[in-house]
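Numbering (UniProt numbering), first residue to last: 1 to 236.
What follows is one structure encoded as structure tokens, with my remarks underneath.
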């Protein structure tokens with residue numbers, strides 16, 4: 001990053017939920033945001049550019065990362081929030097559902113890191129998104145859990161691969177988060193009594209953690225880790 005210029009972060013899933021909260025957090029700190037999403041959304045600030053992109057489409061990802069908006073130069077960080085979590089078990093999953101979940105959650109993450117590293121500055125940061133479901137056995141989350149377990153391992157592997165460039169790669173594994181989708185499902189309220197802190201995380205709390213992993217004092221020697229933030233629901 002040149003002196004006097006604003007740092008640039010790529011955020012996927014930036015149109016809503018945790019992705020939007022993360023975009024707002026970086027903007028508030030003076031960053032420029034390039035947001036990618038499969039659905040259209042309104043920019044959350046004047047230094048935010050939102051683009052429609054299917055992260056499972058290699059050509060679309062490559063185009064988004066090789067044709068950065070004017071004035072965006074190179075990336076200083078990437079926060080890969082986008083993902084899906086349909087209910088599934090051995091009886092209900094299908095090959096089509098498997099491919100959809102793994103294409104978005106795993107392939108999308110890998111493609112973004114593959115092409116993102118070409119425009120990511122040395123000393124930069126990548127934050128992936130997993131879930132506590134990747135770390136334990138959870139009923140009716142067969143495909144989601146398995147796909148996010150792959151993200152946990154990919155985070156470690158890519159952290160090692162990019163370490164010679166000083167690029168840190170870490171993940172976040174949230175528990176219940178108060179997003180519109182979670183609140184609409186009705187499942188969150190049923191499970192909150194089992195959370196030691198007796199509440200779901202606010203999207204802003206997840207955004208704060210993503211920002212700290214990217215920029216915070218004390219985070220600069222952390223790489224290859226997936227940080228659990230679950231209100232005590234999962235302790236290790």
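Note that CB positions come from ideal geometry on N, CA and C, so glycine has one too.
Query - From 151, 200, 107, 52, residue whose alpha carbon lies closest to that of residue 128 - result: 151
Query raised in the report: Exposed or buried, residue 201, counting other C-beta atoms within 10 Å across all chains shown (16 or more means buried)?
Result: buried
Query raised in the report: Nearest to residue 76 by CA position, among 126, 55, 194, is which residue?
Result: 126
Query raised in the report: Cβ of residue 145 within 7 Å of Cβ of residue 173?
Result: no
Report task. Run the CB neighbour count on residue 7, radius 10 Å, all protein chains shown included, and call it buried at 16 or more, exposed below. Result -> buried
Query raised in the report: Apart from the five residues just before and just after residue 133, which ones in its own chain have a Cβ nearer than 7 Å to its Cβ?
Result: 141, 144, 145, 148
Query raised in the report: How about the segment 160–176 and the segment 209–217: do they share at least three Cβ pairs that are nearer than 8 Å?
Result: yes
Query - Contact between the segment 57–65 and the segment 110–119 (3+ Cβ pairs under 8 Å) - result: yes
Requested in this report: Could you tell me the boundaries of the beta strand (DSSP E) in which residue 16 lies?
Outcome: Per DSSP, residue 16 belongs to no beta strand (DSSP E) and is neither H nor E.
Query raised in the report: According to the neighbour-count rule (16 or more other Cβ atoms, all chains shown, within 10 Å of its Cβ), is residue 18 buried or exposed?
Result: buried
Query raised in the report: Whole beta strand (DSSP E) runs in the segment 72–96 with 3 or more residues, listed along the chain?
Result: 75–80
Query raised in the report: For residue 26, is the classification buried or exposed, using 16 other Cβ atoms within 10 angstroms of its Cβ as the cut-off for buried?
Result: buried
Query raised in the report: Can you give the Cα-Cα distance for residue 196 and residue 219, rounded to whole angstroms?
Result: 26 Å
**Report entry** Nearest neighbour of residue 105, chosen from 119, 81, 47 [CA to CA]
**Finding:** 81
Requested in this report: Inspect the beta-carbon positions of residue 21 and residue 207 and report whether they are closer than 7 Å.
Outcome: yes
Query raised in the report: Short check: CB of residue 44 to CB of residue 74, under 7 Å?
Result: no
Query raised in the report: Among the residues of its own chain, which have a CB less than 6 Å from the CB of residue 182, if the five just before and after it don't count?
Result: 188
Query raised in the report: Expressed to the nearest angstrom, what Euclidean distance is found between the alpha-carbon atoms of residue 198 and residue 123?
Result: 38 Å
Report task. Report all residues from its chain with a CB closer than 7 Å to the CB of residue 48; omit the five preceding and five following residues, and keep chain order. Result -> 23, 27, 33, 35
Query raised in the report: By how many angstroms is the C-alpha of residue 226 removed from the C-alpha of residue 163?
Result: 16 Å
Query raised in the report: In the DSSP assignment, what are the bridge partners of residue 63?
Result: Looking at the DSSP assignment, residue 63 forms no beta bridge with any residue, so it has no partner.
Query raised in the report: Which residue or residues does DSSP assign as beta-bridge partners of residue 173?
Result: 228
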